[in-house]
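> Numbering (our numbering), first residue to last: 9 to 164. No residue lacks a Cβ here, since even glycine has one placed at the ideal position from N, Cα and C.
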């Protein structure tokens, strides 16, 4: 889909999703969920630490179940450096929270810098809208799980 063909509602959903995803990653860092705690290292969000802390108390929501029932594929390097699409894969995920986080991060990665051709449904505004809406709802639930509301909405 060319930029001029993107429905304005979908553009707004994409912007909102990017905004709230970035706010959530800020919340992770602000609340001590860091990928590395070594002084001098880059301050990157520690999704895995968040998962470890909250996996047992996480309750799968309807939106999360919807994402897991039809997750997006991810772009991978195929033979001869041909870019291909492959299932996300959850074999190494030890909890529903790990699966949901992987799926939401895949939605973000695909939207931000994944190729937009070659996969079934790659150009479907309805599919994109569904993924964005469900992912945004999942982020809202994760905000509650982490008790991040103040940082998420910038209420200090």
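For my contact list, residue 133 and residue 18 are in at a C-beta cut-off of 8 Å; report their separation, rounded to the angstrom.
The count along the chain shown starts at 1 and reaches residue 133 at position 125. The count along the chain shown starts at 1 and reaches residue 18 at position 10. With 8 Å as the limit, residue 133 and residue 18 qualify as a contact, their Cβ atoms being about 5 Å apart.
> Which of helix, strand or coil does DSSP assign to residue 99?
Taking the first residue of the chain shown as 1, we reach residue 99 at position 91. Of the three classes helix, strand and coil, the one that applies to residue 99 here is coil, per DSSP.
> Taking all protein chains shown into account, decide if residue 91 is buried (16 or more other Cβ within 10 angstroms of its Cβ) or exposed.
Mapped onto the chain shown, residue 91 falls at position 83. Exposed, since its Cβ has fewer than 16 Cβ neighbours within 10 Å.
> Quick one: what's residue 84 bridged to in DSSP?
On the chain shown, residue 84 is found 76 positions in, with the first residue counted as 1. According to DSSP, residue 84 bridges with 92.
> What does the alpha-carbon distance come out to for the pair residue 39 and residue 68?
To locate residue 39, count along the chain shown from 1; it is residue 31. To locate residue 68, count along the chain shown from 1; it is residue 60. So the alpha carbons of these two residues sit roughly 23 Å apart.
> Is the Cβ-Cβ distance between residue 41 and residue 53 less than 9 Å?
For the purposes of this step, residue 41 is identified with residue 33 of the chain shown, where counting begins at 1. For the purposes of this step, residue 53 is identified with residue 45 of the chain shown, where counting begins at 1. Contact flag set, yes.
> Are there 16 or more other CB atoms within 10 angstroms of the CB of residue 16, so buried, or fewer, so exposed?
Here residue 16 refers to the residue found at position 8 when the chain shown is read from its first residue. Label assigned to residue 16: exposed.
> Jot down the residue ranges of each uninterrupted alpha helix (DSSP H) in the region 19-89, minimum 4 residues, whole runs only, in chain order.
Segments of the alpha helix (DSSP H) lying fully in the region 19-89: 55-62 and 70-77.
> What are the start and end residues of the alpha helix (DSSP H) that includes residue 132?
Here residue 132 refers to the residue found at position 124 of the chain shown. Residue 132 -> no alpha helix (DSSP H), and no H or E assigned at all.
> Quick one: Cα of residue 140 to Cα of residue 48, how far?
Numbered from 1 along the chain shown, position 132 holds the residue referred to as residue 140. Numbered from 1 along the chain shown, position 40 holds the residue referred to as residue 48. Distance between the alpha carbons of residue 140 and residue 48 is about 35 Å.
> Quick one: grab the DSSP three-state call for residue 110.
The residue given as residue 110 occupies position 102 in the chain shown. Note: residue 110 maps to helix in three-state DSSP.
> Can you give me the Cβ contacts of residue 22 inside the same chain, cut-off strictly under 7 Å, excluding the 5 residues immediately before and after it?
Taking the chain shown and counting its residues from 1, the one referred to as residue 22 is at position 14. Taken in chain order, the residues that qualify are 119 and 140.
> Verify whether the separation of the beta carbon atoms of residue 155 and residue 34 is less than 9 Å.
Indexing the chain shown from 1 puts residue 155 at position 147. Indexing the chain shown from 1 puts residue 34 at position 26. It is not a contact, given that the beta carbons lie outside the stated cut-off.
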